[in-house]
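Undergrad:
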Amino acid sequence: MNPDFENLAESVRKGRKDSAREIAGKLLESENPADILNAILSAMADIGARFKAGEIFVPEVLVAARAMNSVLEVLEPVLVKSGLQPKHCVVIGTVFGDLHDIGKNLVAMMLRGANFKVVDLGVNVSADKFVSAARDNNADIVALSALLTTTMPSMGSIVEAFRKSGVQAKIIVGGAPVSQEFADKIGADGYSKDAASAADLCKRLVA
Ligand code: B12
């Protein structure tokens, strides 16, 4: 196998965005873009697993994700041409009244790393905005983040708004104060405690 695949994966894992981008550009001259995509996705999966195990922390994940994104910029036009663009879409946001977005951004990055199309609505997002974005993007999954006990109840209202609207997306919830028990109580389709497990959860929900 071309040793540059391992160099690319290592650059992503170490968060070396310029070298990752350069190696990916070189690989694109002779290799299949799907293999390049798989190399960076598996590097991000390693990062997710090490984050979950407590071996690395938020800053390392952020730099790895930045390196992955810089490769995706080079790869995306080629992937779109070859029909390898993501098959599933997740709409994500932090709920109304809540401005915390560090965890939500990590979840979005892991989902991109797992080859989902991610539509990020940002923070302080109303139920109506979630519903219309899910409808407009034909989303498979809507991911809600909350970090405040005072904003958690609006997750329940968002689930209700979806059920009333008839939009069929699955709804997952997360954030430090959120639990599986709370997710069950409000009728959400899934919960996970961290960004790496959120990507696994989404893969299961669309399987
Ligand atoms: C950083 C921070 C801020 C920053 C936010 C900056 C930003 N851009 O996000 C600022 C300074 C703005 C802030 C403001 C406030 N904050 Co604040 N903040 C924090 C702090 C220190 C860290 C949160 C964080 O980023 N953690 C790191 C990330 C990686 O973890 P995470 O968010 O939990 O995300 C992980 C998982 O939960 C999960 N996840 C997250 N979202 C989702 C979504 C899905 C779908 C899934 C599956 C998983 C998932 O995956 C992530 C990655 O593994 C926490 C304390 C703490 N230790 O948690 C307080 C904390 C959350 N804040 C708190 C408070 C009270 C406030 C303020 C009200 C303070 C004030 N009086 O003004 C305001 C509220 C502003 C608002 N309207 O939102 C309280 C909340 C208490 C409570 N029980 O409600 C905390 C717990 C601090 C405390 N101990 O009192 N805050």
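For the sequence shown, counting from 1, position 36 maps to 20 in our numbering; every step adds exactly one. Each residue gets a CB set at the ideal place from its N, CA and C atoms; glycine is no exception. Model, not experiment: these values are computed from the prediction.
(1) Just to confirm before moving on: does the CB-CB distance between Ile170 and Gly140 stay below 9 Å?
(2) Can you tell me which of Lys36, Arg(-3) and Ala123 puts its alpha carbon nearest to the alpha carbon of Val47?
(3) Ordered along the chain, which non-local residues of its own chain (more than five positions away) have a Cβ less than 6 Å from that of Val207?
(4) If you check the beta carbons only, do Cys136 and Val115 fall under 9 Å apart?
(5) What separation, rounded to the nearest whole angstrom, lies between the Cα atoms of Arg0 and Ser176?
(6) Which residues in the same chain as Phe(-11) place their Cβ atom closer than 6 Å to its Cβ, once the five residues preceding and following it in sequence are excluded?
(7) Going by other Cβ atoms of all chains shown within 10 Å of its Cβ, with 16 needed for buried, is Met(-15) buried or exposed?
(8) If Val91 sits next to Ala127, beta carbons under 8 Å apart, how far is it from one beta carbon to the other, in whole angstroms?
(9) I'd like the ranges of any beta strand (DSSP E) spanning at least 3 consecutive residues and lying wholly in the region 40 to 127.
(10) Given 8 Å as the limit, tell me if Leu105 has its C-beta closer than that to any heavy atom belonging to the ligand B12.
(11) Please confirm whether any heavy atom of the ligand B12 lies closer than 8 Å to the CB of Phe35.
(12) Suppose contacts are defined by Cβ-Cβ distances below 9 Å. Is Ala167 in contact with Gly174 by that definition?
(13) Going by beta carbon distance, what residues of the same chain come within less than 8 Å of Leu131, once the five residues before and after it are set aside?
(14) How long is the line joining the alpha carbons of Gly106 and Ser66, rounded to whole angstroms?
(15) From what residue to what residue does the alpha helix (DSSP H) around Val(-4) run?
(16) Under 7 Å Cβ to Cβ from Val36, same chain only, skipping five residues before and after it: list those, please.
(17) Measure from the C-beta of Thr134 to each C-beta in chain D and report whether the shortest distance is under 9 Å.
(18) Taking 8 Å as the cut-off, is the beta-carbon of Ser110 closer than that to any non-hydrogen atom of the ligand B12?
(19) The ligand B12 heavy atoms versus the CB of Ser176: any closer than 8 Å?
TA: Quick look at the numbers:
(1) yes
(2) Arg(-3)
(3) As shown, the chain starts at -15 and ends at 191. That puts residue 207 outside it, with no answer to give.
(4) Correcting the residue identity first, residue 136 is Met in this sequence and not Cys. Not a contact, by the Cβ cut-off of 9 Å.
(5) 29 Å
(6) Ala23
(7) exposed
(8) 6 Å
(9) 73 to 78 and 101 to 104
(10) no
(11) yes
(12) yes
(13) Thr78, Asp82, His84, Gly87, Gly159, Ala160 and Pro161
(14) 30 Å
(15) Pro(-13) to Lys(-2)
(16) According to the sequence provided, residue 36 is Lys. The question's Val does not apply to it. So the qualifying residues of the chain are Asp178, Ala180 and Ser181.
(17) Within the model displayed, chain D is absent; a lone protein chain is all it includes.
(18) no
(19) yes
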